[in-house]
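> Just so we're aligned: 281 in the UniProt record's numbering is position 281 of the sequence shown, and the numbers increase by one with no gaps anywhere.
C-beta atoms are modelled at their ideal positions from N, C-alpha and C, and glycine is treated no differently.
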Amino acid sequence: MDFLEFADASQEVRGSMNHGRLKLTNQAIIFKNSKTGKVDQIQASDIEAVSWQRLAKGHGLRVITKNELLYRFGGLKETELEKLSKFFEHNYELQLREKDFSVRGWNWGTAKFHGSVLSFDVGRETAFEIPLMNVSHCTTAKNEVTLEFHQNDDAAVQLMELRFHIPTDAAETDAIQTFHDNVMSKASIIQATGDAISTFKEVQCLTPRGRYDIKIFPSFIQLHGKTFDYKIPLTTVLRLFLLPHKDQRQMFFVVSLDPPIKQGQTRYHFLIFLFSNEEETTLTLGLSEKDLRNKFEGKLKKEMSGPTYEVVSRIMKALVQRKITVPGGFIGNSHTPAVSCSYKAAAGLLYPLERGFIYVHKPPIHIRFEEVASVNFARSGGSTRSFDFEVEIKSGVVHTFSSIEKEEYGKLFDFITGKKLRVKNRGQLDQPNYNEEDLVDSDMENEPDLYLARVKAEAQERHIGGDDSDDESDVSFNPGDGSGSEVAEEYDSNHSSSSEEGSDENGKPPEKKKPKKKAKERKPREPGTRKPRKKKEKDSNKPKRPQTAFFLWLNENRERIKKETPGIAVTEITKKAGEEWKEVKDKTKWEKLSEEGKKKYEVAMAEYKESLKNAEDADDKTPPKKSEKSSKPSKAKGKKAAPQKSPTKSPKSKEYISSSDGSSSEKEEKSNSPKKEEEEEDEPMEASSNADSDSE
1 MDFLEFADAS QEVRGSMNHG RLKLTNQAII FKNSKTGKVD QIQASDIEAV SWQRLAKGHG
61 LRVITKNELL YRFGGLKETE LEKLSKFFEH NYELQLREKD FSVRGWNWGT AKFHGSVLSF
121 DVGRETAFEI PLMNVSHCTT AKNEVTLEFH QNDDAAVQLM ELRFHIPTDA AETDAIQTFH
181 DNVMSKASII QATGDAISTF KEVQCLTPRG RYDIKIFPSF IQLHGKTFDY KIPLTTVLRL
241 FLLPHKDQRQ MFFVVSLDPP IKQGQTRYHF LIFLFSNEEE TTLTLGLSEK DLRNKFEGKL
301 KKEMSGPTYE VVSRIMKALV QRKITVPGGF IGNSHTPAVS CSYKAAAGLL YPLERGFIYV
361 HKPPIHIRFE EVASVNFARS GGSTRSFDFE VEIKSGVVHT FSSIEKEEYG KLFDFITGKK
421 LRVKNRGQLD QPNYNEEDLV DSDMENEPDL YLARVKAEAQ ERHIGGDDSD DESDVSFNPG
481 DGSGSEVAEE YDSNHSSSSE EGSDENGKPP EKKKPKKKAK ERKPREPGTR KPRKKKEKDS
541 NKPKRPQTAF FLWLNENRER IKKETPGIAV TEITKKAGEE WKEVKDKTKW EKLSEEGKKK
601 YEVAMAEYKE SLKNAEDADD KTPPKKSEKS SKPSKAKGKK AAPQKSPTKS PKSKEYISSS
661 DGSSSEKEEK SNSPKKEEEE EDEPMEASSN ADSDSE
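As structure tokens, then:
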């Protein structure tokens with residue numbers, strides 16, 4: 001057993017549990033924070049003792065190092081105790097002992113100091129432990145000692161103050177002062193005692209904005225400005241970046257902080273200093289030759305000189321013990337590792353690095369590749385001279401870097417492809433929003449706008465797939481409107497007389513225009529409403545798809561997972577099962593069942609398709625039924641039978657007769673008398689004969 005790995009572990013940091021991945025190898029214990037990407041390593045040679053203890057949720061590991069530091073890792077299960085015991089005994093030669101806690105609820109006990117840990121014992125068992133590195137201040141009173149703790153913004157509930165009452169006798173030594181001295185010796189209290197290692201005057205700082213004097217001490221950095229002062233512990237420094245400006249005359253030095261510094265309600269996760277390449281400095285470090293040799297192993301010298309940004313970065317690297325990240329192999333169109341762009345309303349520079357992206361400077365953004373879900377190249381607000389670069393991270397947040405020059409597309413796309421990041425608009429089902437041909441040819445005036453053509457095609461697809469009511473005309477028909485429309489002229493009351501009188505220059509009567517169809521009136525649709533669409537009915541006879549090997553295994557183990565993790569949510573069962581499925585070595589049984597189900601499904605599906613085909617053939621052979629309606633004109637009361645079509649003149653409809661100006665009242669009187677029904681039916685025929693005689 002060379003290593004153990006726990007994907008859903010957590011580490012206690014200042015009272016809060018930070019989730020991440022815990023890995024135990026034969027050389028070190030490694031924990032990687034899933035939120036910040038920070039990696040903490042505990043070398044096997046530095047571990048003094050390990051113990052198994054119960055935490056607020058589940059169980060965890062308690063690790064004490066030889067330099068008296070305490071680490072706690074949670075999120076472990078009780079069933080993993082035996083596996084961990086064998087691992088530590090085999091690889092580290094350490095006994096993993098169980099540590100019990102007192103649950104009596106007494107507040108009277110004994111305070112003991114073990115290195116950087118203060119434990120409060122009730123009897124033989126420990127009630128609670130306090131890492132003294134979390135203490136920010138310690139004060140004393142007559143019989144009392146008060147501990148104050150660093151504030152943690154990530155913790156929902158946090159301990160800010162703790163008081164100990166210490167009874168004293170005249171014969172005893174000053175126990176309160178001894179208690180205070182033990183706390184102060186290991187507490188993380190920022191005190192500007194002694195001289196600074198180095199000082200840099202009037203350094204331009206972009207975040208927070210202003211000019212500050214930078215004083216570097218062995219345990220913290222002090223920024224002294226005209227309005228604000230900041231004291232930043234070196235333990236909060238997460239990463240260091242040294243980035244050249246695009247103008248080749250300045251240099252950015254970026255310091256990533258976790259937790260960030262605060263000024264009121266504003267948080268600063270990054271310190272961004274701007275140096276000129278031509279600015280140089282020479283200084284003498286406030287360290288002895290022995291400290292330089294023992295602590296820094298020759299990384300620093302007593303006398304240091306060179307460009308200011310180089311001196312600052314070398315000192316910070318040695319003190320923080322973090323690597324400095326610089327741009328990798330990416331070179332943009334401007335022959336620099338930076339890409340000019342805008343984020344929201346501010347312009348800045350985007351640097352593609354070997355393991356992520358960083359944007360400076362307002363606001364500074366650092367995105368690691370392991371956080372990226374997908375990237376997208378999109379057109380920038382209809383412009384053909386620039387494009388947008390969208391980065392979607394796994395938490396669902398999308399960062400959009402806009403107004404990037406089109407010449408940068410090829411370089412950036414090759415870089416993304418080389419890092420094997422998923423390009424969202426490059427998928428098989430996705431149509432690319434932005435391709436290389438667009439960038440090269442879209443500026444030519446004679447070339448078609450491909451983006452506009454794509455939008456029109458999408459609109460046409462939506463139009464075709466929409467409701468049938470959208471194809472109807474929105475023009476309302478008004479038969480009483482004498483505005484000169486063709487419909488009103490043809491169905492005018494003097495239409496027959498005008499046709500007799502009017503003729504062309506050859507003496508022939510004018511041709512009669514065919515009446516236009518009356519447009520259907522549409523009621524305006526209320527805003528926010530939509531015509532419901534009919535759902536496609538499912539065929540109950542259609543065979544169901546076979547289950548995969550994973551779901552066959554899950555059906556057998558679902559109840560077991562529920563019993564092992566009581567109270568687990570329904571949505572978490574599949575996630576938990578997926579993790580266990582990865583660890584299953586022999587999956588032959590379920591894969592075989594899945595393969596058999598697949599074969600049965602293929603046979604059933606072929607039979608189902610054959611039955612559908614036979615049913616369609618049977619429908620085609622069935623002769624169509626004759627219409628029950630008679631071709632003879634009906635003589636229903638109150639309605640006129642459809643007249644026979646005349647080759648020379650179109651008949652007048654009842655609507656025209658009832659709306660004509662000249663004889664509407666007479667026709668209405670006739671229609672009221674049942675005796676005149678037959679005369680009304682013969683009337684179109686008489687009109688047709690008159691028209692024939694006129695044409696002769």
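#1: Compare the beta carbon distance of LEU55 and VAL63 with 9 Å and say whether it is the shorter of the two.
#2: By DSSP's criteria, ASN351 is part of a beta bridge. Which residues make up the other side?
#3: What is the C-beta distance between PRO327 and LEU243, in whole angstroms, given that I count them as a contact (C-beta under 8 Å)?
#4: Beta-carbon separation of ILE214 and LEU206 under 9 Å?
#5: With distance defined between alpha-carbon atoms, name the residue in PHE101, GLU607, ALA127, GLN250 nearest to ASN107.
#6: Please report how far the alpha carbon of LYS639 lies from the alpha carbon of ASP619, in whole angstroms.
#7: Which residues mark the beginning and the end of the alpha helix (DSSP H) in which ILE416 is found?
#8: Rounded to the nearest angstrom, what separates GLU445 and THR384 at their Cα positions?
#9: Taking the alpha helix (DSSP H) that GLY578 belongs to, which residues open and close that run?
#10: Are the CB atoms of HIS399 and TYR351 within a distance shorter than 9 Å?
#11: Tell me the rounded alpha-carbon separation between ARG293 and PHE88.
#12: Buried or exposed, going by whether 16 or more other CB atoms sit within 10 Å of the CB of ASN555?
#13: Closer than 8 Å is the cut-off here; do at least three beta carbon pairs connect the stretch 228-243 with the stretch 315-331?
#14: Check the DSSP bridge columns for VAL281 and list the partner residues they point to.
#15: Using 8 Å as the cut-off, can you tell me whether the stretch 73-82 makes contact with the stretch 124-143, which would need three or more C-beta pairs spanning the two stretches below that distance?
#16: What are the start and end residues of the beta strand (DSSP E) that includes VAL203?
#17: Okay, do the stretch 359-378 and the stretch 388-395 touch, 3+ Cβ pairs below 8 Å being the bar?
#18: Going straight from the alpha carbon of SER119 to that of LEU162, what length do you get?
#19: Quick one: is PRO131 buried, meaning 16 or more other Cβ sit within 10 Å of its Cβ, or exposed?
#20: Just to confirm my understanding: we take PHE220, look at its own chain, exclude 5 residues before and 5 after, and list those with CB closer than 7 Å. What are they?
#21: How many whole angstroms separate the CB atoms of LEU274 and PHE252, which I take to be in contact at a CB cut-off of 8 Å?
#22: DSSP state of ALA378, grouped into three classes?
#23: In terms of residues, what are the limits of the beta strand (DSSP E) holding ASN33?
#24: Three or more C-beta pairs closer than 8 Å, one from the stretch 7-27 and one from the stretch 150-158: is that the case here?
#25: Would you tell me roughly how many angstroms separate the C-alpha atoms of LYS142 and TYR212, rounded to the nearest one?
#26: List the whole-angstrom C-beta distance separating LYS411 from ASN333, where the pair is believed to meet the contact cut-off of C-beta under 8 Å.
#27: Between the Cα of SER395 and the Cα atoms of SER403, ILE367, PHE415, which residue gives the shortest distance?
#28: Quick one: Cα of GLN11 to Cα of ILE42, how far?
#29: Among the candidates GLY109, VAL311, VAL145, THR571, whose CA atom is the shortest distance from the CA of LYS121?
#30: When you compare only the Cα positions, how much space is there between LYS301 and LEU285?
#31: Is it buried or exposed, ALA156, if we count other Cβ atoms within 10 angstroms and call 16 or more buried?
#32: With a Cβ-Cβ cutoff of 9 Å, do ILE393 and VAL372 count as a contact?
#33: Assuming MET17 is part of the beta strand (DSSP E), what are its boundary residues?
#34: Using three-state DSSP, classify residue 699 as helix, strand or coil.
#35: Rounding to the nearest angstrom, what Cα-Cα distance links SER420 and GLY329 in this structure?
#36: What are the residues that DSSP puts in a beta bridge with ARG62?
From the atom records:
#1: no
#2: Strictly speaking, residue 351 in this sequence is Tyr, with Asn absent from that position. TYR351 pairs with ILE358.
#3: 7 Å
#4: no
#5: ALA127
#6: Reliability fails at LYS639, whose pLDDT of 44 lies under 50, so the model's placement of it is uncertain and no value is given.
#7: Run containing ILE416: 409-418, per the alpha helix (DSSP H) assignment.
#8: Unreliable positioning characterises GLU445 in this predicted model, as indicated by a pLDDT of 39, which lies under 50. The coordinate reading is nonetheless provided below. Going by the C-alpha atoms only, they are around 11 Å apart.
#9: 570-583
#10: no
#11: Roughly 35 Å between the two C-alpha positions.
#12: ASN555 is exposed by the Cβ-count criterion.
#13: yes
#14: It is Thr, not Val, that sits at residue 281 in the sequence shown. GLY306.
#15: no
#16: For VAL203, the enclosing beta strand (DSSP E) covers residues 198-207.
#17: yes
#18: 13 Å
#19: With 16 or more other Cβ atoms within 10 Å, it is buried.
#20: Closer than 7 Å at the Cβ level, and outside the excluded window around PHE220, lie ILE190, LYS231, ILE232, PRO233, LEU234.
#21: 6 Å
#22: Reduced to three states, the DSSP call for ALA378 is strand.
#23: 28-33
#24: yes
#25: 42 Å
#26: About 6 Å separates the CB atoms of LYS411 and ASN333; that is less than 8 Å, so the two are in contact.
#27: Closest option to SER395, Cα to Cα, is ILE367.
#28: 13 Å
#29: Per the sequence shown, the amino acid found at residue 121 is Asp instead of Lys. Taking only the C-alpha atoms, the option nearest ASP121 is GLY109.
#30: Their Cα atoms are separated by approximately 8 Å.
#31: If you draw a 10 Å sphere on the C-beta of ALA156, you find fewer than 16 other C-beta atoms in it, and that means exposed.
#32: yes
#33: Counting along the chain, the beta strand (DSSP E) containing MET17 begins and ends at 16-25.
#34: This structure cannot speak to residue 699, because the chain is shown only from 1 to 696.
#35: Correcting the residue type first, residue 420 is Lys in the shown sequence and not Ser. Each residue's alpha carbon lies about 15 Å from the other.
#36: SER51, ARG72
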